[in-house]
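S.K.: Quick one: the structure is below, questions incoming.
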Amino acid sequence: MSDRQMLTGLLDEAKRAFTAHFPGSQPTVAVAAPGRVNLIGEHTDYNEGFVLPMALPLVTVMVGSPSDGSTIEVKTLAEDADEPRDVTFTAPSGPETKLNPGSPRWAKLHKGIARPVPGFHAVVVSTVPLGGGLSSSAALEVATYKFLEQLVPGPIRGTVEAAMICQRAEHTFAGVPCGIMDQMVSLAGCAQQAVLLDCRSLEFELVPMKESNVVVLITDSGVRHELASSEYGVRQQECQVAAKALGLPSLREAKQDDLQELRRHVSDVVFRRARHVIGEIARTTQAAHALKTGDFGAFGKLMLESHASLRCDYEVSSPELDQLVELAKAVPGVYGSRLTGGGFGGCTVTLLEASATTGAINHLQVRARTYTSVGALIHQLNSATHKETTGSFEESTIPIILLCLIINCIL
1 MSDRQMLTGL
11 LDEAKRAFTA
21 HFPGSQPTVA
31 VAAPGRVNLI
41 GEHTDYNEGF
51 VLPMALPLVT
61 VMVGSPSDGS
71 TIEVKTLAED
81 ADEPRDVTFT
91 APSGPETKLN
101 PGSPRWAKLH
111 KGIARPVPGF
121 HAVVVSTVPL
131 GGGLSSSAAL
141 EVATYKFLEQ
151 LVPGPIRGTV
161 EAAMICQRAE
171 HTFAGVPCGI
181 MDQMVSLAGC
191 AQQAVLLDCR
201 SLEFELVPMK
211 ESNVVVLITD
221 SGVRHELASS
231 EYGVRQQECQ
241 VAAKALGLPS
251 LREAKQDDLQ
261 ELRRHVSDVV
271 FRRARHVIGE
281 IARTTQAAHA
291 LKTGDFGAFG
301 KLMLESHASL
311 RCDYEVSSPE
321 LDQLVELAKA
331 VPGVYGSRLT
341 GGGFGGCTVT
351 LLEASATTGA
361 INHLQVRART
371 YTSVGALIHQ
381 LNSATHKETT
391 GSFEESTIPI
401 ILLCLIINCI
411 L
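Residues in the sequence shown are numbered consecutively from 1, following the UniProt record's numbering.
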């Protein structure tokens, strides 16, 4: 299936749902925004560090059209979304209009992005798994932002400003103090490129991933996290305590040599949180260099070091994620593996030789049934192609979509 066929299929599904749910109406605006996988650089974004993600062909599509009056109604087709899956609220009439986040959680992100707009009807469909650590929230935020941008044309904002608007929605409406990585890569990703993002300056560099002999596997543990009710905010506070103890605005400025001094002033827990962040920032820049030079062995070693640090120092892994990493490490041809995303469940990302792909997938799928609650759902990404495997390995090729696709008035 080609990228156009995959996107067309999602658009057709959304269009059918729209016309069924809103009889007599046809969608006039359609947008799509991708999820992402973070190759390395975990929990460094809100510490103003570096991250190295890439956008995914797993996307969130939003279609809709203006409605009479000021009522906004949005329906999601996501089976994993919390109820209700159809929400209605009044459009904000001005900057001073306050919207109540309320529930369900998925709808909070729409409200957080909403600006003074007319009423509209919309349907959302997504292939980004909810709570899997692949940025389903950011994909929804960016899709909503782009939808409103098309619905009410105005000054075109740059990538950074748009990302900050989407990030603010997650902070204020979803209650998750996330960094800006997810929104930036959903907006800025390009085909066959990873994105080295400086989360302090918000400058980014595209790092080519065109090596045909290397494959990225994303393995979904089936364990879902809820960042808003997890330790995510606690970790952020612990990092702030560490930075303050060093007299620094953030841990971005801290060096390995600072750790000895830090140990004298903070608890062991805070010390270990800082040790992870300081080390992870260094690992991310080293990994970007390894990727540029084609040193995949070095890249894989850094991935393994990252996972060990996330497990022992940052304590955001889970037994299921640890077991998936160990299973991947046992396969000949695997360079490295680590948890990806916020942790506490979700996915692992694995870098391996292309020739080892079939063996790795078979090994993970057979053995993961022993360790995880639902077995492993595996997404395969080559540097130039993408394959998804759910239970069996199929030879369908889908070129990677790494750019937020804006399709206006084409349905």
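Note that beta-carbon positions come from the ideal geometry of N, C-alpha and C, so glycine has one too. Given the structure is predicted, the values throughout are model-derived calculations rather than measurements.
(1) I'd like to confirm the pairing. Which residues does DSSP put opposite residue 441 in its beta bridges?
(2) Could you tell me the alpha carbon to alpha carbon distance between A138 and L130, rounded to whole angstroms?
(3) Which same chain residues, not among the five before or five after S65, have their C-beta less than 7 Å away from its C-beta?
(4) Tell me, to the nearest whole angstrom, how far the beta carbon of S40 is from that of L58; I am working on the premise that it is less than 8 Å.
(5) So what's E205 in DSSP terms, helix, strand or just coil?
(6) Is G281 helix, strand or coil when you go by DSSP?
(7) Classify F18 as helix, strand or coil using the three-state DSSP reduction.
(8) Rounded to whole angstroms, what's the CA-CA distance from P118 to T159? Just pull it up for me.
(9) Opposite P66 in the DSSP bridges: which residues?
(10) Suppose the cutoff is 6 Å on Cβ atoms and the five residues either side in sequence are ignored; what does the same chain contact list for R272 look like?
(11) Work out the CA separation of I180 and L197 for me, nearest whole Å.
(12) Along the chain, where does the beta strand (DSSP E) that runs through S337 open and close?
(13) Here's a check: name, in chain order, each residue in its chain whose Cβ is nearer than 6 Å to the Cβ of L304, leaving out the five neighbours to either side.
(14) Quick one: measure Cβ to Cβ for E211 and G294, integer angstroms, because I've assumed they're closer than 8 Å.
(15) If I measure Cβ to Cβ from R263 and keep anything under 7 Å in the same chain, skipping five residues before and after, which residues do I get?
(16) Excluding sequence positions up to five away, which residues of its chain have a Cβ less than 7 Å from the Cβ of N47?
(17) Hey, quick one: how far does the beta strand (DSSP E) through E197 stretch, first residue to last?
(18) Closer than 8 Å by C-beta to V207: which residues in its own chain qualify, once you throw out the five before and the five after it? Chain order, please.
(19) At what residues does the beta strand (DSSP E) containing L39 begin and finish?
(20) Here's the rule: buried if 16 or more other CB atoms are within 10 angstroms of the residue's CB, otherwise exposed. What is L109?
M.R.: By the coordinates alone:
(1) The question about residue 441 has no answer here: the residues shown for the chain are numbered 1 through 411.
(2) 11 Å
(3) S25, Q26, P27, T28, V29, F120, H121
(4) According to the sequence displayed, residue 40 carries Ile and not Ser. That pair is no contact at about 19 Å.
(5) strand
(6) The sequence given here has Ile at residue 281, not Gly. Of the three classes helix, strand and coil, the one that applies to I281 here is helix, per DSSP.
(7) helix
(8) 24 Å
(9) F120
(10) D313
(11) The straight-line gap separating the alpha-carbon atoms of L197 and I180 is approximately 10 Å.
(12) Per DSSP, the continuous beta strand (DSSP E) segment holding S337 begins and ends at 334-340.
(13) G336
(14) 6 Å
(15) The beta carbon of R263 sits closer than 7 Å to those of F271, all from its chain and outside the five residues before and after it, given in chain order.
(16) If you ignore the 5 residues before and after N47, its C-beta comes within less than 7 Å of the C-beta of C239, S250, L251, R252, V277, all in its own chain and listed in chain order.
(17) Glu is not the amino acid found at residue 197; the sequence shown has Leu there. 193-198 is the span of the beta strand (DSSP E), which, as asked, contains L197.
(18) Annotation for V207: L52, Q193, A194, V195, L196, A288, L291, K292 place their beta carbon closer than 8 Å to its own, counting only its chain and skipping 5 residues before and after.
(19) 29-40
(20) Because the pLDDT of L109 is 46, which lies under 50, any placement of that residue in the model is unreliable, and the number read from its coordinates should be weighed accordingly. By the neighbour-count definition (other C-beta atoms within 10 Å, threshold 16), L109 is a buried residue.
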